[in-house]
Amino acid sequence: MSATLISGLWQGAVRHRRFAPRSHAFSYSLFMLGLDLDELSDLQLGPWLGVERAGLLSFRRTDYLRGTTGSLKQAVWDKVAALGGEGGRDRVLLLGNVRCLGFYFSPVNFYFCYQGSEARYLLAEVSNTPWNERHYYLLDLAALMPHDKDFHVSPFMALAMRYHWRIRPPREETLIHIESHPQSGDPKLFDATLALARSPLSRRGLCALLLRWPWMTLRVLLGIYWQALRLFIKRIPLFTHPETH
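Residues in the sequence shown are numbered consecutively from 7, following the numbering used here.
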């Protein structure tokens, strides 16, 4: 495998904070894969990572941008164009989860879309639990602007919100920060921060991560339900799933 791969292992933490009507916060350590979609054919790492084949970790095209066909890179650029961005052919870096021991779950996948050497767009592929729906937000990294929330993710958060983002595209580190503000303009109710650092993608690195987090995807899913139970116990108000988005 080439020593100059852009793809890498990303380790760090995710933090969620809720400020009203009652405070609630948690932080988890985690890892994600950063996969350059032009390098997928070079990422066969024996039993540790398989592309379109079994492995302790495995990438399957059908897990991403559901309902599309062809290469994932082209599907991402097509989605960017459909959402009002400029189409392109430059590289795309997927920062997200792959299958772990055959099980796939990812609350959000981030596709950094490049023009030349600079990340121009971030396409966020968001899923909700337990409805298993997906929604896409396109962010122009050259001019980040607040936008309306238009996808029901949590039964403990209203839909009538606006998102504010702060993003540092991947280099040796990356940061993705999102805040939820009421559309009335009141102070923020919630924020989430993902902070990760890159290390090379290698058999040794994957072995170390899997020894530390052998059930990462299941851990993420169970963590969502555990935090939902804590919010329920705190009597945070519930919001029903709207029939349309």
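Idealized CB from N, CA, C, for every residue including glycine. Source: prediction; values computed, not measured.
Identified DSSP bridge partners for residue i
{"i": "Arg-105", "result": "Ser-64"}
{"i": "Val-132", "result": "Val-114 and His-141"}
{"i": "Tyr-127", "result": "Cys-119 and Asp-146"}
{"i": "Arg-204", "result": "Trp-16"}
{"i": "His-247", "result": "Answer by DSSP bridge pairing: none, since His-247 is not bridged."}
{"i": "Gly-52", "result": "Paired residue(s): none; Gly-52 is not in a bridge."}
{"i": "Leu-100", "result": "Leu-41 and Tyr-117"}
{"i": "His-153", "result": "Tyr-169"}
{"i": "Val-57", "result": "Phe-65"}
Test item: CB-CB of residue i and residue j under 9 Å
{"i": "Leu-107", "j": "Asp-42", "result": "no"}
{"i": "His-30", "j": "Leu-181", "result": "no"}
{"i": "Leu-144", "j": "Leu-89", "result": "yes"}
{"i": "Pro-193", "j": "Ala-26", "result": "yes"}
{"i": "Pro-188", "j": "Arg-172", "result": "no"}
{"i": "Tyr-117", "j": "Val-98", "result": "yes"}
{"i": "Val-226", "j": "Pro-113", "result": "yes"}
{"i": "Gly-76", "j": "Cys-119", "result": "no"}
{"i": "Asp-146", "j": "Tyr-127", "result": "yes"}
Exposed unless 16 or more other CB atoms sit within 10 angstroms - verdict on residue i
{"i": "Glu-179", "result": "exposed"}
{"i": "Pro-259", "result": "Any answer about residue 259 is impossible in this case: the structure gives the chain only from 7 up to 251."}
{"i": "Leu-129", "result": "buried"}
{"i": "Trp-16", "result": "buried"}
{"i": "Met-163", "result": "buried"}
{"i": "Asn-115", "result": "buried"}
Cut-off 8 Å between Cβ atoms - residues of its own chain near residue i, not counting five sequence neighbours on either side
{"i": "Arg-95", "result": "Trp-83"}
{"i": "Thr-246", "result": "Pro-161"}
{"i": "Gly-56", "result": "Gln-50, Leu-63, Ser-64 and Phe-65"}
{"i": "Tyr-110", "result": "Arg-66, Asp-69, Asn-103, Val-104 and Thr-223"}
{"i": "Ala-166", "result": "Lys-155, Pro-188 and Gln-189"}
Host beta strand (DSSP E) of residue i (start-end)
{"i": "Gln-17", "result": "14-24"}
{"i": "Leu-195", "result": "Counting along the chain, Leu-195 falls outside any beta strand (DSSP E), and DSSP gives it neither H nor E."}
{"i": "Trp-171", "result": "167-174"}
{"i": "Thr-180", "result": "179-188"}
{"i": "Phe-118", "result": "114-121"}
{"i": "Asp-42", "result": "30-42"}
{"i": "Gly-94", "result": "Looking at the DSSP string, Gly-94 is not in any beta strand (DSSP E), and its letter there is neither H nor E."}
Enclosing alpha helix (DSSP H) for residue i [first to last residue]
{"i": "Phe-238", "result": "222-239"}
{"i": "Ala-81", "result": "78-88"}
{"i": "Arg-210", "result": "209-218"}
Cβ-heavy atom distance, residue i to the ligand COA, below 8 Å
{"i": "Trp-16", "result": "With respect to the ligand COA, the structure offers nothing, as it holds no ligand at all."}
Residues near residue i in its chain [Cβ-Cβ closer than 7 Å; skip 5 each side]
{"i": "Tyr-34", "result": "Ala-19, Val-20 and Gly-229"}
{"i": "Ser-13", "result": "Gly-40, Leu-41, Asp-42, Glu-45, Leu-49 and Leu-207"}
{"i": "Trp-54", "result": "Gly-61, Leu-62, Leu-63, Arg-209, Leu-212 and Cys-213"}
{"i": "Phe-37", "result": "Leu-15, Trp-16, Gln-17, Leu-215, Trp-219 and Met-222"}
Own chain residues within Cβ distance below 6 Å of residue i, not counting five before or after
{"i": "Phe-196", "result": "Arg-24 and Ser-186"}
{"i": "Ala-198", "result": "His-22 and Ile-184"}
{"i": "Ile-239", "result": "none"}
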